[in-house]
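Chemist: Below is one structure. I have some questions about it.
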Amino acid sequence: MFSAFVVNADVNPPRDEYDPSKALFVKCDVRVWEDQVAVFKTAIEHSPKHGIDIVIANAGVYGPDILEGIDEDEPSPANLKLIEINLFGVIHTAKLAAFYFNKQPRESFDRCLILVTSIMGYIDTQGSSLYGASKHGVRGLMACLRRKGLMRVNALAPWFVATGIFPENFRISLTKQFQAQGVDFAAGSDAVGAIMRIVTDSSINGRSIAIVPRQLSPSGYLDMELDDFQEGSPCDKLQRVAGSLSYSDII
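Using our numbering, read the sequence shown as starting at 607 and increasing by one per residue.
Now the structure itself:
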């Protein structure tokens, strides 16, 4: 049996009631550094252990493609709000997680950071290229942080999950398209199962766990097995060289 004190940081409060002795809501715009600092300080203040074991960077939105408007008479800049939330906000969270994890004794706290990317961070998408780029960026952040030795860093990469974010007509359309090709939505409960697997197994580090339709995995999640190179391959060689370099003279 596991228990936790949870701090939920979002621009909107949760719709469902929660036990204030086990959870706390803090209003936060992840794009704003000061908002995120306040979240971490509040979490430490109210935590029964006065520390943090697990951080999940989950904020994400969808938005227009960069090709939108190319038929207009005059060019217009891409709307980068999506990048600010999906990538810059995650970078703020990762920085703060590392900062506060580093202040805590290792023997008393786990140091687990989960970055929520997407299947679209691994495959091509016919949807928003900005969304896909942001999720590739989160994947890259995980890959760069996982070898630092400061904390466990893993990525969660969901397929489409039927949440309230989707308009009903879009959800119905996707359902028909998926079923015609032998798949379905991924389940939110399977995302929870994957997170529990990560946080309770301290040996898991530097992995991308995909949340997939049950047709592809009975558990609803699986290791992507795409974050490491075949031993002896050119990229494996370059990875080993890059990992041995010292950057002290240039940074």
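Each residue gets a CB set at the ideal place from its N, CA and C atoms; glycine is no exception.
Can you check DSSP and say which residues form a bridge with Ile815?
Modeler: As DSSP reads the structure, Ile815 sits in a beta bridge with Leu762, Asp829.
Chemist: Tell me where the alpha helix (DSSP H) around Ile801 begins and ends.
Modeler: 794-806
Chemist: Under the DSSP definition of a beta bridge, which residues are partnered with Phe631?
Modeler: Asn614
Chemist: Could you tell me which of Pro764, Arg621, Gly669, Thr806 sits nearest to Thr723, measuring between CA atoms?
Modeler: Thr723 has its Cα closest to that of Pro764, out of Pro764, Arg621, Gly669, Thr806.
Chemist: Inspect the CB distances between the region 659-677 and the region 686-701 and report whether three or more fall short of 8 Å.
Modeler: By the Cβ criterion, the region 659-677 is in contact with the region 686-701, since at least three pairs of Cβ atoms, one from each stretch, lie closer than 8 Å.
Chemist: In whole angstroms, what is the alpha-carbon distance linking Val617 and Lys633?
Modeler: 5 Å
Chemist: Distance, Cα to Cα, Gly738 vs Glu690?
Modeler: 14 Å
Chemist: Can you tell me the Cα-Cα spacing of Thr648 and Lys709, whole angstroms?
Modeler: Rounded to the nearest whole angstrom, the CA to CA distance from Thr648 to Lys709 is 15 Å.
Chemist: Verify whether the separation of the beta carbon atoms of Leu756 and Arg717 is less than 8 Å.
Modeler: With a cutoff of 8 Å on beta-carbon distance, Leu756 and Arg717 are scored as near each other.
Chemist: Start and end of the beta strand (DSSP E) containing Ile720?
Modeler: 718-722
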